[in-house]
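In this note's numbering, each residue carries its 1-based index in the sequence shown increased by 3.
Yeah, the Cβ is synthetic: ideal placement off N, Cα and C, and Gly gets one too.
Owing to the predicted nature of the structure, the values given are computational and were not obtained by experimental measurement.
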Amino acid sequence: MGAEREARACAAFYGTLGIAAPVLSCLRCLRQFAGSTAKRCKEKHLEEALLLTRVLSEGLQALGEAEARPLLRCILAFQMEATSSSSSFQKLEQMVTQLAVGKEALLAQEVGTLLASLALQGEVLSPGDLQSVCMFLEESSLGRQHWRQNLALLLQRLASTLHWVLQSQPVPGSTWGYLGIKACLQLFQALPKDVAPLVWSAVGKSETLQSLLGLLLEVAWGKAPNKDTRLLAGTALSMLVNTAPQPQRGASATLTLFQLPSQGTGELKFGELAVEVPPVLEPDGIEKLVLTRGLLTCCKTDILSCQLEGFPHKACLLLDMVFPAVCALTKEQKDCHYYCFQACALWLQRLRESLPAIWHLTGTRILAQDTHLLQQVTQLLWDNAETPVEGVSEFIHSSFRLLLEIYHLECQHFQDQERPLYQQMLQRVVSMPWQIKARYVPLCAIIPYMGSQQVLDAYPDLPQHLLNCLSTNHLCPAAAEVYKVLVRQQLSEWQEGQQGTEAALAERWAQCWLPLLSQALRSPLPILQSNAANHLLTWTLRQLPATQGPLAIQFGGRDTASLRAWVSLLKAQKSVAGALPLRDEALERLSCCLGAREEGIRLAALGLLCCSPSTNQPLSSTEMQLLQEFLPLNLNCDSSSFRQLLQAAVRKALVRLRDSSLAQLRGKVPRGTEPGQGAGQLNQAVAFVEWLLQLSIASLSPGSNYQRKKTALLLLAAVLETCTDTWSPNRKKGQPPRTMATLLSYAKQRGCWDFFSQPNLLALLSCLQDSTNEIRDLASELLVRYFPATFPEPIALALFQLAQDTLGSPRVQEAEAGAVLMKTILQKSDSGTMKSLALEAEAALTLPSRGLCFAQHLLRLLQAQYTVARQDLLRAAATAPMHGAIAALRRCLLQVPEVAVSMQAAELAQSWQELLTRLVTTVRDVTSFLLGALQSQQGPGANEQAAAPSFADMGNAIGSLIMLGKDQGQEEEEGDSVLLSEEHSLILTCCWVSVKEIGLLLGGLAELLLAPALPADLGPLLPLPTLQMATRVFQEILLRCRHWGAVEGCSMGFTKFCAALLNHPDAELQAIPRAVLEQGLEALSGPRSSSITRRAAGFPMLFLCIVSGEAPAQARPLLTRCIQTLLALATTALPQDWDQTLDLPQVCALHVLQTLVRGTGLGGAVLCHATPMMALALRGLGSPCWAMRNAAIQLFSALTSRLLGQPRSHGEGCPAEGVSLPAFLGQHPKLGAVLLDELRVATTPMPGGLRLHPALHAILTLLAQLHPGADSSSSSSAPFLGPLLGLAESPIYAVRAMAAKALVPVVPPPRRRGLLLQLAWQLPAAPGRIRSHNAVHGHLLQMRALLASATGTRGLSAEALRPVALQLEARGWLLTPAQRCPLVRAAFLQVLALLPASFSPGFAQHICDSISTELGSLLPGGKPGCAEPQVGLAVLHQTMAHFMCSEAAQLADSERIAAVCSLVQQPNPDVQLAILSWVVAREGGTCKELEKALRLTLLESLRSVLRERRDKEFLRLYLEALLHLYRDPSSWSQEASHRLQGSWAACLEMLLHMVEAERPGPDLLFQALCAASLLLAHWFGDEDGRLVERWCAALEDCCRPASCEVLRLAAARSLQTAGAAVVRRSLRAAWPSLVPVALRLINMAIHLLQDEEREVRHEASGFASLLQQNPREPLRDGCTFVQDNVGLQSLLQLLLGEFGEHPETFNSLLQHLPILDLRSIVEELEANKAASLYKEDEPNVFAEPAVLAQQLLPVLMQLLEKVPAGSPLQASALHWLEATGPGVLQELRYCKRCWSQGRASVEPPGQVSWCPHPQASFSLRDPTMLTAPSPSLSSGTGAHWGMKVLGCAKLHTAVAILLVRARLVVRVLQVLGEGATAVPGLDCGTQELEQELELVQGLLVQHGLAPVSSQGNAPGELGPPSGTA
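In structure tokens form, the structure reads like this:
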């Protein structure tokens, strides 16, 4: 610590001088800089020191050199220790330069002295010294001056250092060699003139530099194992070449280097230096890459382009030496793809720079059209355009652009007008499938050279392809770039052509691009809409603002799509313009969007409110009001992404509020501030943040559902992050402004922003007991990060006791909650808290550590639990399972930064080492005991089995443990239940979860304590024996455990464990994983008597964990060794007498290989071995052993997923993206040869006839997942064509079908037409010419596959397919009965269906006649087309029916439509089902005339279908088709009513009877209920009241929470279909009898709007949306469906406004206020019974009774206000008061007794006083009042009970509903007045009851059981805090 020593000396020296104060402040900042670990903190302290030096500079100038020297020396010392950070070094350089103004000589002297000390310390420079050399060479002018004067000494030290490093070979991962090479590179770069004479002058040549050159060559040739070091050596050699005085000499030396690999040993002449050529021990080809990349990176242009001597033609390095090397590298070095293609891009870049010189040298074009060089470059780029290696695609992209730029420059220079390269490249792009990402970058590069219109003419499908790409995330950026380049080019061309106005330009833009953008922005696909808005819309408005006009006109509708697009447009406008005033219609539409059902619309509208180009632009009052309305209604959204985006948007709004408020406090007027409203906006901002804070806290009640609590925590995190002054060192952004304290003071003066108040703390403490990890962890993070450093002592005591209790819970969630509590207590405690908890270590510690104390306590707890478990495992599993204590240890040791710091303290090292050793020993014993218990073995000494026990063995062992744990006299009857008993589950849970936690704990400890960054002088906290013990624990778990969750958790830990060992410098530690791997491989190949892979899932994971631990940047020797051994084992021949009951080593090897391939930690490292593994898998598919075949198909599946990659997200209906077959074969050429060989073998005729090829189907499946590539004469996919065409004759149907799919990627799109013609010609022209029906069928399948892939975008035109159609017309007999095989006829018709526009009218009629004849024969009385049944006849009929439907929809021909309708009515089930399924599958685009005819036909036949009811599936499909056709309510017509006349009542009767009595199953019941609702919605009168009531009762039965989801969805959809119509009719004067039914329907909707299934809630919100308009007016078209909570509010307002006077309204709303027994809940809590493993699930976990009750309260209050005297509603209120009032009063008094201060505690009969005494009441306001009311209660009992109550959801819900009911009672008493005085049981008046209520609520608020009541807002009041929605 030289800097610290200099700082102390400096402080002492300046202590008495006049500049002492600023010097000491500067030193303090420098010390803080040196002591900080976070980069942000370092930068902050260094910035402060730099500011102070500017003040010091003037004072220091007045002093002499002696007075300035200490300060300069001190800063230089800090600079020497900051050489690892360039930015810090530069700032310190600025400081020292500023302070040395006028004293430059003194500074140079001090720098020289400092650097001279490096060279004097020894011959070998340390890594730190090398870093200092590099940094002073690079950043310090004085440093360069010093090294220039001492160049010889520096060269000698560098040579000695490099020689020592190469000889000693430091540990893997060491940077010693790299820094030595870097120092050489910096030296050659910084001092070229000084180095040059030492190399190129015979007089001045340096022997030291000659030695250094030899060492650099050794590194480049592979003496250093690190690839990065070798590459840097190449750059250093190139930099040395740059010192040549003449370019020819540098080129000559470079040529010599290039000839080295082929020269062999000998002498190398480099300038005047001569060195021995280093021998290449294992040539790997990387030496070529090292030299090539080094030259291209930094070699001078004149050296690369000068003429080489000794060549017959005018040659230069760049063209004749470097380019051939680059080509060879891209083909050979597959494991260095990144660097090879970086060299390729660099070569093109250097070629562009060297063009003038090369033109001067050669005198001709370099890239002329017929040159071999151009062909090589283009072929190289196209062959590798689709490479999946990360980073390579960027080099390929830049290479395309550079190539075209060079080509363009050459054409210009040589005045060549013919430029065919552009057209060739464009044609190749167009011929590639749109899914290939690599096609879009060349397209972007071509556009500026060809022009936009020429590109669009040649590529007419480009807009549609861009649309497809926008719906696919990984293609979206490429498509957006194409759009931008095209539009930019168009604008440039239009502006050049004519000086048009911006409006004219926008009009031309709209003609070309408005359809594309409109379709994308209106799309229902969120990904497409979002990508279009983010990538295209905003950019378009910036480039051409006038486009806003046509876009706004396009999105002016009221439908959902228009609203979605409109909001996106407004948001883009705001981001471009900066502000967007919202008035009138825009404001009304925005409010509509904020309440819309679609999350995307709501989020877009929210983003519009919150975003702003400037962060200090204040929110307008309108924006704040809209946010206040929006946020409470969106807290319980069940979409995780919605919650995250909501938080992000609100954070933006809070930043705007904060920054604008700070600006106003500084006296600035932020942009957007309304005139004269500055102070008011500041108060509004403060009030809004306070409102949001209260909303968040109120929503954290345990009675809220998970969604509300998670959203509230996220909002609270945004508030605390934005509006507090808490500094977060690890964050780069989001730090509080420096003046934040001013705003906090302003807010607190107004009684706001008390972020750390008692209610807020209690709310977060209640979240720590939540049952979900997300809530607990987020609440803990907020407490630790923002709240005061320590908890009050009573809080800590109560939390600690609660944590102790919950750690002993058998429920995993509760035990995990206890672990989180323990971690939080540890982080929020100090030494005083430790004393109160009595957790001091037994050994007296000079500096006690909180983490050590906690760890010792938890370890003792674990050991005590282990002791109990050894005595009685059943009792331990129920009352003291060990997984809670282990989880707490894991969290406290691994997740608390202070503990990690404590472990590095020297004075605590021995204590930590002892504790960790005892911990590992304990968990080893626990593991052995638990795994042994499941094998009927006990204790760590039990003999370990080779494999895990079977299910039966475990069952017997657990049964024995259960019997031991019970009384011997207690006998239980054993039933035949297949369900596990609770005792059984208790033991299993205890064992598996404990084992999982042990694995995670040990892995995390190794990762933490074996990190290279730890100080080496402390000694290992985990000694070698301890690590070996932990290794055996992992082995035991993975080899003997059967539970996948435990194996997975343990595997995560073991992977970290192995990674820490393998990357540790100690060779002994590195050897541990290697030894385990060898043991595993040996065990795998040996004989065994029990299954390992199937019965112990952990065995393959053992290998995966070890090899995943290897460093990704290094070679993977363990992976290579493992895979090679497994491949050798798997290829061993099976023994002659193998036993199916035993695991074969070959099978185990395949399973392990599959696990390695699927392992995410290995990434693409396993792809190097893909070819042998694929060959093995294909060979294994033909094994006679079933287990071998099963393992092989799993390995094949894993390899396929790894090779092709996981499918990325794309829009529904868009073809999946992927890699093309040529690209796939280019990436894996050897694999392609394997696949091709297998295909050829499968298609080779065998003399013995048919022979099965098990691998064939797998190969075809793989090929079918690829895409076709571009057309090329040398395409690598061409050899596959012949074998695939030959498979058309396969006798196996599945092979023919899959071969047809595999043919598609083999045929490039330009060649499809020719192949289709060839296949059509091969079809038999007459019945007698059929050689093989299989061949005919196979050819038809292949044609269908090719045509299907060619249709749609970029398909073949009808004219292009005309020759194919003519060939098919000549073979039309294949559709007639003359062709006896129905499957062939069906396949032929499917081919014809893909060519509808290419046939002649006569043949089209022939097709229809043939189909009519065939299907007509099925009608009663029709002439049968075939006497005997045929295989595939049903398929033919269904195909024909589909064809008829498609033709009718396409042509809209009345005859064809009538034919389809007649087919629906015929009795043939195949045809009917085909037509109905076709109707259901058509989501849109069907002919309106056909839909209308089918609607009427189905309605007309409905009665007969319901009466016959021949088949449930047919009836379900029939009703589904009917409902699908009437999915649009406006599609019902008068004609439909006419068709139903006379049968409506009968149909509805039958449907209701089916629903009520038959119960045919949920799916059919769903359709029946929805169909009944459809009929009811359009036809009922006065006489049908009974049917309406029956329908309503059926809905009520279906919407019960216990009903299945399908039935609840049916009820919700039925409400939307018919419920709104019933409610509307009930409001008319003529329909008063429907009012009770309407109230029941609204009541059902309120229930369904709280359903746990989102789809059910959405359907119910549709019902509310239809009623949101004036229900007394006819329903308008274009209803916008509202969000669930908005719908609920609108229904409540409807009840209040339209049904308020009806007596049943009050009672129907009261049904939603459940009566919960508060006393029983409290008594259950007090009883403190042992928790069972499982608790009963709530029927609806989404519902929030407390929240709903608070929403209902104001509605009920308003109902009561409207009650006239003597009305029936008043009688209902009085009746409710009599039934409920006394109970409410009793419960209020009960609460008062329980939680009041100064009253006696409640004592249940026969029990000790259970409730806290007044002085034991849990209160933060008086934490001293925690004494027990009697000796039977400890001082912490009351607080502990209060903490337990704090987290009880039932109690919070009961209290909240009680308060609502109490307020309602008060209101009823006020309304009824004297009429309520005689209510028995109510012995108090209204005023007394209200006072009692206020008192109780105050007590509950104090204890965290009720939200703080609103007493008004801060200045600038926005409205009451609304936490109730």
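Compute the beta-carbon to beta-carbon distance between Leu-770 and Met-825, rounded to the nearest angstrom, for a pair I have assumed lies under 8 Å. Working through the sequence shown from its first residue, we reach residue 770 at position 767. Working through the sequence shown from its first residue, we reach residue 825 at position 822. According to the sequence shown, residue 770 is Cys rather than Leu. In fact, because the Cβ distance is near 16 Å, the residues do not count as touching under 8 Å.
Am I right that Ser-663 and Pro-621 are in contact with their C-beta atoms under 8 Å? What's the rounded C-beta distance? Within the sequence shown, residue 663 is the residue found at index 660, counting from 1. Within the sequence shown, residue 621 is the residue found at index 618, counting from 1. That pair is a contact at about 4 Å.
Have a look at Ala-1575 and Leu-1554 and give me their C-alpha separation to the nearest angstrom. By one-based count along the sequence shown, residue 1575 stands at place 1572. By one-based count along the sequence shown, residue 1554 stands at place 1551. Those two C-alpha atoms are separated by around 6 Å.
Taking 8 Å as the cut-off, is the C-beta of Arg-368 nearer than that to any heavy atom in the ligand COA? Ligands in the displayed structure: none, and consequently the ligand COA is not present.
Pull up the DSSP beta-bridge partners for Phe-273, would you. One-based indexing of the sequence shown puts residue 273 at position 270. DSSP lists Leu-276 as partners of Phe-273.
With a threshold of 7 Å on Cβ separation, who are the neighbours of Ala-14 within its own chain once the five nearest residues in sequence on each side are excluded? As a first step, residue 14 must be located in the sequence shown, where it is residue number 11. Same-chain partners within the cutoff: Leu-27 and Leu-30.
Proximity of Leu-1003 and Gly-1048 at Cβ, strictly below 9 Å: As a working note, residue 1003 is residue 1000 in the sequence shown. As a working note, residue 1048 is residue 1045 in the sequence shown. Their beta carbons are not under 9 Å apart, which means Leu-1003 does not touch Gly-1048 by this criterion.
Can you list, in chain order, the stretches of the alpha helix (DSSP H) that have 4 or more residues and sit fully within the region 690–744? Taking only runs of at least 4 residues, the alpha helix (DSSP H) segments lying wholly in the region 690–744 are 709–726.
Would you kindly report the start and end of the unbroken alpha helix (DSSP H) that includes Glu-413? By one-based count along the sequence shown, residue 413 stands at place 410. Run containing Glu-413: 395–416, per the alpha helix (DSSP H) assignment.
Report the residue from Thr-745, Lys-272, Ala-1014 and Ala-1195 whose alpha carbon sits nearest the alpha carbon of Ala-1261. Here residue 1261 refers to the residue found at position 1258 of the sequence shown. Ranking the options by Cα distance to Ala-1261, first place goes to Ala-1195.
Ser-984: which of Glu-1000, Ala-448 and Ser-1735 sits nearest, CA to CA? For the purposes of this step, residue 984 is taken as the residue at position 981 of the sequence shown. The shortest CA-to-CA distance from Ser-984 to any of Glu-1000, Ala-448 and Ser-1735 is the one to Ser-1735.
Measuring only the C-alpha atoms, how far is Ala-10 from Gln-1073? As a first step, residue 10 is located in the sequence shown; it is residue number 7 there, counting from the start. As a first step, residue 1073 is located in the sequence shown; it is residue number 1070 there, counting from the start. If you take the alpha carbons of Ala-10 and Gln-1073, they lie about 41 Å apart.
If you draw a straight line from the alpha carbon of Ala-1865 to that of Leu-1756, how long is it in whole angstroms? Within the sequence shown, the letter at position 1862 stands for residue 1865. Within the sequence shown, the letter at position 1753 stands for residue 1756. Looking at the two C-alpha atoms, the distance is approximately 10 Å.
In three-state terms, what does DSSP make of Gly-21? Counting from 1 along the sequence shown, the entry for residue 21 is found at position 18. Coil.
In whole angstroms, what is the alpha-carbon distance linking Ile-798 and Lys-1847? Residue mapping note: residue 798 aligns to position 795 of the sequence shown, counting from 1. Residue mapping note: residue 1847 aligns to position 1844 of the sequence shown, counting from 1. Distance between the alpha carbons of Ile-798 and Lys-1847 is about 12 Å.
Could you check the C-alpha separation between Ala-1368 and Cys-1448 for me, to the nearest Å? Within the sequence shown, the letter at position 1365 stands for residue 1368. Within the sequence shown, the letter at position 1445 stands for residue 1448. Between Ala-1368 and Cys-1448, the C-alpha separation is close to 21 Å.
Just to confirm the assignment: which complete alpha helix (DSSP H) runs, minimum length 4, are found wholly within the region 540–621? Within the region 540–621, the alpha helix (DSSP H) runs of at least 4 residues that lie entirely inside it are, in chain order, 541–546, 551–557, 563–580, 587–597 and 602–613.
Roughly how many angstroms lie between the CA atoms of Ala-12 and Leu-74, to the nearest whole one? Position 9 of the sequence shown holds residue 12. Position 71 of the sequence shown holds residue 74. In a straight line, the C-alpha of Ala-12 is about 9 Å away from that of Leu-74.
Let me know the secondary structure DSSP gives Ser-643 once reduced to three states. Within the sequence shown, the letter at position 640 stands for residue 643. Helix.
Run the CB neighbour count on Ser-1833, radius 10 Å, all protein chains shown included, and call it buried at 16 or more, exposed below. Reading the sequence shown from its first residue, position 1830 is the one you call residue 1833. With a pLDDT of only 31 at Ser-1833, under the threshold of 50, the placement of this residue in the model should not be trusted; the figure read from the coordinates follows. Ser-1833 should be labelled exposed.
Taking all protein chains shown into account, do 16 or more other C-beta atoms lie within 10 angstroms of the C-beta of Phe-633, making it buried, or fewer, making it exposed? If you number the sequence shown from 1, residue 633 lands on position 630. So Phe-633 ends up on the buried side.
Nearest-angstrom Cα distance between Gln-898 and Leu-1005? For the purposes of this step, residue 898 is taken as the residue at position 895 of the sequence shown. For the purposes of this step, residue 1005 is taken as the residue at position 1002 of the sequence shown. Taking the straight line joining both Cα atoms gives about 14 Å.
Counted within 10 angstroms of its Cβ, other Cβ atoms place Ser-1078 as buried (16 or more) or exposed: Reading the sequence shown from its first residue, position 1075 is the one you call residue 1078. Inspection of the sequence shows that residue 1078 is occupied by Ala rather than by Ser. Only exposed fits Ala-1078, as fewer than 16 other CB atoms lie within 10 angstroms of its CB.
Roughly how many whole angstroms lie between the Cα atoms of Ser-643 and Ala-6? Taking the sequence shown and counting its residues from 1, the one referred to as residue 643 is at position 640. Taking the sequence shown and counting its residues from 1, the one referred to as residue 6 is at position 3. Taking C-alpha positions only, Ser-643 is separated from Ala-6 by approximately 50 Å.
Per-residue burial, Thr-86 [other beta carbons within 10 Å of its own, 16 or more giving buried]: Counting from 1 along the sequence shown, the entry for residue 86 is found at position 83. Buried is the call here.
With 16 as the cutoff for other CB atoms within 10 Å, does Glu-977 come out buried or exposed? If you number the sequence shown from 1, residue 977 lands on position 974. Residue confidence is low: Glu-977 scores 46 on pLDDT, short of 50, so the model does not pin down where it sits. Its coordinate-derived value is still stated next. Answer is exposed; the Cβ neighbour count stays below 16.
So what does His-1270 bridge to, in DSSP terms? One-based indexing of the sequence shown puts residue 1270 at position 1267. Ser-1223.
May I have a chain-ordered list of the alpha helix (DSSP H) segments no shorter than 4 residues that lie completely inside the region 1157–1214? The region 1157–1214 is shown to contain whole alpha helix (DSSP H) runs of 4 or more residues at 1173–1183 and 1189–1207, in chain order.
How about the region 593–601 and the region 550–557: do they share at least three Cβ pairs that are nearer than 8 Å? Contact between the region 593–601 and the region 550–557 is absent: fewer than three C-beta pairs spanning the two stretches fall below 8 Å.
Whole-number beta carbon distance between Arg-1334 and Ala-1390, since they are thought to touch under 8 Å: Here the question's residue 1390 lines up with position 1387 in the sequence shown. Here the question's residue 1334 lines up with position 1331 in the sequence shown. Not quite, the Cβ-Cβ distance comes to about 17 Å (not below 8 Å), so this is no contact.
Could you give the residue range of the alpha helix (DSSP H) that holds Ala-1793? Stepping through the sequence shown from its first residue, residue 1793 is reached at position 1790. According to the sequence displayed, residue 1793 carries Tyr and not Ala. Unbroken alpha helix (DSSP H) run through Tyr-1793: 1771–1798.
Residues near Arg-404 in its chain [Cβ-Cβ closer than 7 Å; skip 5 each side]: Here residue 404 is taken as the residue at index 401 of the sequence shown, counted from 1. Ala-448, listed in sequence order.
Assuming Ile-1645 is part of the alpha helix (DSSP H), what are its boundary residues? Within the sequence shown, residue 1645 is the residue found at index 1642, counting from 1. Its alpha helix (DSSP H) spans residues 1638–1651.
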